[in-house]
Structure formats: C-alpha cells, structure tokens
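A.B. asks:
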Amino acid sequence: MKAGFFERVYDAVRAIPKGRVLTYGQIARLLGTPRGARAVGWALRVLPKKLSHSVPWHRVVGAGGRISPRAGFGPLVQKKRLRAEGVRFRGEKVDVGRHGVAT
DNA sequence: CAAGTGACGTAGA
DNA sequence: GTCTACGCCACTT
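Taking this note's numbering, I'd label the letters of the first sequence as residues 4 to 106.
#1: Can you tell me the Cα-Cα spacing of residue 65 and residue 83, whole angstroms?
#2: In this structure, does DSSP put residue 50 in helix, strand or coil?
#3: For the alpha helix (DSSP H) that residue 21 lies in, which residues bound it at each end?
#4: Determine the closest residue to residue 52 out of 8, 98, 13, with distance taken between C-alpha atoms.
#5: What are the boundary residues of the alpha helix (DSSP H) that residue 2 is part of?
Here's what the structure looks like:
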C-alpha cells in the first residue's frame with residue numbers, strides 16, 4: 004500500500020478525541036493539504052472495514068458539521084454513533100459550536 | 001503521461 | 001436557507 008496519504012488520514016482520524024469532530028478540510032489542513040479535503044474523504048471512502056472499527060470515521064464530518072449523504076454505511080449510523088459519544092446535534096448537523104474545532 | 005473519479009469547500013444565484 | 005458550478009488534491013486505470 005503506497006497510499007501514504009491515506010494512512011496519514013487514518014492516523015489523524017484516529018487521533019480525534021472522543022466527543023470531538025473534525026471536518027475533511029480540517030484534516031486535510033493538518034496533513035498539509037488545505038485544499039485536499041476531497042482526498043481526505045476519499046481515504047475514508049476506501050477505508051477498509053478492518054480499520055473501520057479502529058478509525059472513528061464517524062467523527063469526521065463535512066464543513067460546518069454537515070454529514071454527507073454518502074457517509075459510510077449510512078449517515079444515520081454516523082449520527083447515532085456521534086450521539087453515543089456525547090456529541091450534540093443541531094438538526095442534521097453536528098453542533099460544531101461545541102465539538103467542531105471551528106469556534 | 002493523460003483522463004476519470006470522489007464521505008469536500010467556497011462562492012454565486 | 002437551498003441549489004448549482006468550479007477548483008482543489010490524491011489515487012486508479
């Protein structure tokens with residue numbers, strides 16, 4: 004697997020503290036590619052199920068805490084998981100004002 | 001090497 | 001507030 008960037012994404016997601024959520028753009032920025040949000044989402048898209056239980060992909064959301072309609076096994080599942088982590092929701096979006104790094 | 005794709009992001013209407 | 005269009009990066013074929 005030469006997918007170094009991908010591993011980089013997995014590592015970043017894995018480093019997400021519980022009760023906190025990050026956006027693709029935010030992760031991409033941490034990796035050094037502020038415009039590589041798509042590449043980040045792609046990394047999670049090809050995320051092997053083997054790692055799906057090791058990588059809290061459900062803590063990764065879109066800008067503003069929006070959940071994409073193509074999320075993992077279903078955006079509903081992700082939302083439920085986030086709630087189980089203690090994350091509050093604002094309608095269909097994550098309460099970024101509390102968990103989102105975005106102030 | 002070139003083209004296509006994709007869990008995105010921002011700007012404009 | 002919602003939808004559309006373009007641009008960005010990385011990976012596959």
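Ideal Cβ placement from N, Cα and C applies to all residues, glycine included.
C.D. replies: By the coordinates alone:
#1: To locate residue 65, count along the first sequence from 1; it is residue 62. To locate residue 83, count along the first sequence from 1; it is residue 80. Distance between the alpha carbons of residue 65 and residue 83 is about 16 Å.
#2: As a working note, residue 50 is residue 47 in the first sequence. Of the three classes helix, strand and coil, the one that applies to residue 50 here is coil, per DSSP.
#3: Numbered from its first residue, the first sequence carries residue 21 at position 18. No alpha helix (DSSP H) contains residue 21, which DSSP labels as neither H nor E.
#4: The residue given as residue 52 occupies position 49 in the first sequence. When each option's Cα is compared against that of residue 52, the closest is 13.
#5: This structure does not reach residue 2, given that the chain is present from 4 up to 106, and the question cannot be answered.
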